[in-house]
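The numbers in this note's numbering rise by one with no breaks, and the one at position 27 of the sequence shown is 119.
Glycine included, each C-beta is placed from N, C-alpha and C at the ideal position.
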Amino acid sequence: MAVQTEESDCAREQTKAEQDVDQVRQRATRDQQRLDSGAVTSPKDLENLQREIVSLAKRQGDLEDIVLEVMERRESAQERTAELTERVGSVQGRIDDATARRDAAYETLDADEATAEKEREVVSATIPADLLKLYDKLRQQQGGIGAAKLYQRTCQGCRQELAITDFNEVRAAAPDTVVRCENCRRILVRTSDSGL
Ligand SMILES: [Zn+2]
93 MAVQTEESDC AREQTKAEQD VDQVRQRATR DQQRLDSGAV TSPKDLENLQ REIVSLAKRQ
153 GDLEDIVLEV MERRESAQER TAELTERVGS VQGRIDDATA RRDAAYETLD ADEATAEKER
213 EVVSATIPAD LLKLYDKLRQ QQGGIGAAKL YQRTCQGCRQ ELAITDFNEV RAAAPDTVVR
273 CENCRRILVR TSDSGL
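Below you can see the structure in the form of structure tokens.
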């Protein structure tokens, strides 16, 4: 935007400088016509007129230099605008691409979530109501994880190894007893890797 503003400022400046050149040129033409017409006869007036024509020519030259200088600045602003516009386009392309990939990832996540919800419904229907209630309560208290695997004597919820007495109690518990981690209180899920 800054470069675009610079470009339009230059355009205005150029128009103004060109108008100045025109004015000086017209005045010089008028002076020259008066000189050529022979209407001015007094030597002093003639001298003044000639001096003015010379001074106007010099002024026109100076103004034309300004026009050229402004045109150069304008051209470089135009080039920069084109270059930046291209870069904006390329960045926008990357944004669009990332957005499309993000949206696709959202869709996958939504689908995965729906599948997991369905699976959860099926599983939770087979679990006794009081156990499910305990599980949900623990899940809320423990950052979304209400039950953890007991893996090689270690609770995978809090990563603490069970104290020997607690471990012995778990080992002695009947298979359908709900056992808990003494450290984080999560329900412990016993498997063949539990080290029991
Ligand atoms: Zn634990």
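For my contact list, residue i and residue j are in at a C-beta cut-off of 8 Å; report their separation, rounded to the angstrom.
i: L176; j: A109; result: Actually they do not touch by this definition, with Cβ atoms about 26 Å apart.
i: Q124; j: I145; result: 6 Å
i: Y227; j: I187; result: That pair is no contact at about 43 Å.
By Cβ distance below 6 Å, which residues in the same chain neighbour residue i in space, the five residues on each side in sequence not counted?
i: S286; result: L242
Leaving out the 5 sequence neighbours to the left and right, which residues in its chain are closer than 8 Å to residue i when beta-carbon positions are compared?
i: E274; result: L254, A255, D258
i: Q106; result: V159, V162, M163, R166
i: V270; result: L223, L226, I279
i: Q252; result: T246, C273, N275, C276
Compare the C-alpha of residue i against each of the options and name the closest.
i: A264; options: G249, R282, R277; result: R282
i: C250; options: M93, G235, G181, E213; result: G235
i: C276; options: E205, L141, R231, D204; result: R231
i: Q170; options: I219, V180, E261, A103; result: A103
i: Q152; options: L141, R172, V132, D114; result: D114
i: T97; options: D157, S168, D189, R143; result: S168
Quick one: grab the DSSP three-state call for residue i.
i: V146; result: helix
i: R104; result: helix
i: R272; result: strand
i: I333; result: The question about residue 333 has no answer here: the residues shown for the chain are numbered 93 through 288.
i: A131; result: coil
i: T191; result: helix
i: T246; result: strand
Once the 5 residues before and after residue i are set aside, which same chain residues still bring their CB inside 7 Å of it?
i: L224; result: S216
i: M119; result: In the sequence as displayed, the identity of residue 119 is Arg instead of Met. Hits under 7 Å: L148.
i: A94; result: none
The alpha helix (DSSP H) spanning residue i covers which residue range?
i: A221; result: 221–233
i: A240; result: Run containing A240: none in the alpha helix (DSSP H); it sits in the beta strand (DSSP E), 239–243.
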